[in-house]
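Just remember that my numbering sits 9 ahead of the position in the sequence shown, which is counted from 1. We treat Cβ as the ideally placed atom computed from N, Cα and C, and that holds for glycine. In this text, all values refer to a predicted model and were calculated from it rather than measured experimentally. One structure below.
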Amino acid sequence: MNKNFTPPSKEPTGTVEKTLSIEPDRHFEVALQSGNCLDFNDECNFVKFARGLAFFQNHQNQKKEITLAIIPINNINYILNKEN
């Protein structure tokens, strides 16, 4: 990951259309239409979809959610579910 990267701080507003969560020993990666792949340092374990955006997050517990990236859905080629 780029050392100058600052994670976004916005949370989804409005209705969440769909969510993806995963077992503790797995994580999500996203392949973009541009050909790039983001692995989020194997920390992404939750994805929310709302208003045409995908919010890639790390849920450490019920009270702590960290947003790792917000990506427009039309920029996503596919989302991978991988083992740690």
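According to DSSP, is Ile75 part of a helix, a strand, or is it coil? In this structure, Ile75 counts as strand in the three-state DSSP scheme.
Can you check whether the CB of Phe55 is closer than 8 Å to the CB of Lys27? With contacts defined by Cβ atoms closer than 8 Å, Lys27 and Phe55 do not form a contacting pair.
Buried or exposed: Gln42, going by 16 or more other Cβ atoms within 10 Å of its Cβ? Residue environment for Gln42: exposed (fewer than 16 other C-beta atoms within 10 angstroms of its C-beta).
Is the beta carbon of Asn67 sitting closer than 8 Å to the one on Cys46? Using a Cβ distance threshold of 8 Å, Asn67 and Cys46 do not count as a contacting pair.
Excluding sequence positions up to five away, which residues of its chain have a Cβ less than 8 Å from the Cβ of Glu38? In chain order, Cys46, Leu47, Asp48, Phe49, Cys53, Ile88, Leu89 and Lys91 place their CB closer than 8 Å to the CB of Glu38, counting only its own chain and leaving out the 5 sequence neighbours on each side.
Nearest candidate by alpha-carbon position, reference Asp95, set Leu77, Gln69 and Glu74: Residue coverage of the chain in this structure runs from 10 to 93, which leaves residue 95 outside it and unanswerable.
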